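Contents: one structure, followed by commentary.
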Amino acid sequence: MTSKDENLSMEEETRDAALQTLAVGKLIKDAVKKVIDPEMDGAKTWLAEHGLEPGDRKTMRVAGVDAGTVSRTNPEPKPSIRVTDERAYAKWLEDHGHEVTWKVHLADHLTAPRQLEALVATGEVPDGVEVTETVRDSYLVVRQTAKQARALADRLGEASDLIAGMLTGYLEIEGSESA
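Under this note's numbering, the first residue of the sequence shown is numbered 36, with each subsequent residue one higher.
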């Protein structure tokens with residue numbers, strides 16, 4: 036075999052290995068996501084309803100190892116600004132030195148959220164604009180450092196009952212979907 040043939044063969048093997056890695060990786064990633072997402076969503080929902088108040092932070096421990104933290108954010112009020120009367124707002128813009136181009140509706144850049152926020156930030160709410168406040172719901176944030184992940188991975192065997200339970204749930208779901 037010539038050097039060129041060896042290089043080509045090595046390239047084909049590398050390509051095949053990369054394709055196999057992608058195929059197996061996708062299978063594992065999709066299976067893990069399908070198992071873990073519902074489990075994590077359920078755990079987060081339970082903690083939000085029973086275990087954590089906004090602003091709380093708890094250490095997660097698995098098999099005696101510090102495995103990360105979970106915290107619940109505080110609700111964040113956020114103003115919601117929108118144009119409710121285009122004619123009144125257009126008049127206000129003209130009165131304040133802005134050139135208004137009339138179309139069937141105001142030009143998009145004049146009603147863009149950033150534009151409206153900038154105008155309202157001056158302390159004046161233009162005619163035809165309404166400011167309402169919405170509150171983003173509190174949510175849980177799960178954090179894990181590389182050190183915590185390594186410590187947990189080293190003790191994963193001790194968490195085998197938890198993992199087995201999660202996988203059993205997945206297999207039961209998969210079994211009912213294919214039936």
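Ideal Cβ positions, reconstructed from N, Cα and C, are used throughout, including at glycine. The structure presented is a predicted model; accordingly, all values stated were derived computationally and were not measured.
For Asp72, which residues of its own chain have a beta-carbon under 6 Å away from its beta-carbon, when the five flanking residues on both sides are left out? none
Helix, strand or coil for Val155, going by three-state DSSP, please let me know. helix
Val118 and Gly163: beta carbons closer than 8 Å? yes
Own chain partners of Val135 with C-beta closer than 6 Å, once the 5 adjacent residues on each side are dropped: Ala125, Leu128 and Glu129
Counting pairs of beta carbons, one from the segment 155-174 and one from the segment 103-113, are three or more of them closer than 8 Å? yes
In terms of residues, what are the limits of the alpha helix (DSSP H) holding Glu165? It is not in any alpha helix (DSSP H) - Glu165 instead sits in the beta strand (DSSP E) that spans Val164 to Arg171.
Is the distance from the Cβ of His144 to the Cβ of Glu121 below 8 Å? no
Considering only the alpha carbon of each residue, which of Arg190, Asp189 and Ala181 lies closest to Gly103? Ala181
According to DSSP, what are the bridge partners of Glu111? Arg171
Pull the bridge partners of Thr104 from the DSSP assignment, please. Thr94 and Arg178
What does DSSP give as the partner residues of Val118 in its beta bridges? Val164
Do you know how far the Cα of Lys64 is from the Cα of Lys93? 28 Å
Put His133 into one of helix, strand or coil per three-state DSSP. coil
Assuming Arg190 and Ala98 form a contact by the criterion Cβ under 8 Å, report the distance between their Cβ atoms to the nearest whole angstrom. 4 Å
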